[in-house]
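Going by full-length UniProt numbering, the sequence shown opens with residue 1, and the numbers climb by one from there.
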Amino acid sequence: MTEKPGKHLEEEPQEKRGAKGSRDEGSGKPSAGQAERPSGSADKKSDTSVLPQDPQDPDSPNLQSGG
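Dropping the structure here:
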């Protein structure tokens, strides 16, 4: 066994991978620049914020949020 994952696998031919760069995962740096998405805020359908609610289980404590 090797130390590098996938080392035992053969490389997939470029024609099966698509155009060069089509599988690019982006930069390895967190501050590498603009992402390819529109600017602005999320619309109401995609808003994932959590609204405070009472616990569903009556035996659970009602913990206050930090905000």
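Glycine residues also receive a C-beta, built at the ideal position from the N, C-alpha and C atoms.
Cα-Cα separation between Gln10 and Lys16, rounded to whole angstroms: The displayed chain sequence assigns Glu, not Gln, to residue 10. Linking Glu10 to Lys16 through their CA atoms gives a straight-line distance of about 13 Å.
Among Ser65, Lys7, Pro13, Gln14, nearest to Val50 - alpha-carbon criterion: Looking at the Cα atoms, Ser65 is the closest of the given residues.
Lys16, enclosing alpha helix (DSSP H) - first and last residue: That run of the alpha helix (DSSP H) goes 14 to 17.
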